[in-house]
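Residue numbers are given in my numbering: position 49 of the sequence shown equals residue 760, and the series is strictly consecutive.
Here a beta-carbon is modelled for each residue, glycine too, at the ideal position from N, C-alpha and C.
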Amino acid sequence: MCHYLEYDKLICDCKNFSHLCDSNEILLRIFKELDVNDDKRISKEEFQLYKKILLEREKRFHRASFEKKLTSIFALFDRNQDNYITRQEIRETMQNLGESIDDELIEEMMKTADTNHDGRISRDEFEKLLIELQSKK
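Below, the structure written as structure tokens:
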């Protein structure tokens with residue numbers, strides 16, 4: 712049983728699918744990236760390392776995407792741009808979005824998000840709230 716993916720075998724197989732030229736070139740580039748020790752073979756260890764690298768890249772991408780969304784949403788509510796969200800800003804933002812919101816719901820939101828009880832929601836508190844809400848999905 713072969714424990715390696717070999718470069719020569721891949722080249723030979725790619726020639727059988729020459730009509731997929733772009734795909735073949737991409738495949739060969741990936742092979743070269745995977746072949747860390749440049750022995751023209753991909754071992755199980757090299758493959759696992761590459762998989763780990765891809766997972767890290769994906770995590771960084773998702774984190775960056777989350778940060779961008781967080782910044783946009785926080786800015787939407789932080790109407791006076793003081794880096795805090797108040798009850799009044801929640802009320803005004805929801806009204807501007809065409810949503811009615813009562814004081815009871817605003818108080819519930821503040822109780823949940825305002826963990827240091829200073830009467831306003833910081834960016835960190837807002838981020839924790841969004842992460843918590845996202846994990847409940």
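Beta-bridge partners of residue i, as assigned by DSSP
i: Arg752; result: Glu717
i: Tyr795; result: Ser833
Segment limits, alpha helix (DSSP H) that includes residue i
i: Thr823; result: 814-824
i: Lys839; result: 834-846
i: Gln806; result: 798-807
Buried or exposed (CB count within 10 angstroms, at least 16 for buried), residue i
i: Thr826; result: exposed
i: Phe837; result: buried
i: Ala786; result: exposed
i: Asp789; result: buried
i: Ala824; result: buried
i: Thr782; result: exposed
i: Asp746; result: buried
i: Arg752; result: buried
i: Ile764; result: exposed
Under 9 Å between C-beta atoms of residue i and residue j
i: Arg798; j: Gly830; result: yes
i: Glu744; j: Tyr761; result: yes
i: Ser833; j: Tyr795; result: yes
i: Met821; j: Ile812; result: no
i: Leu841; j: Phe777; result: yes
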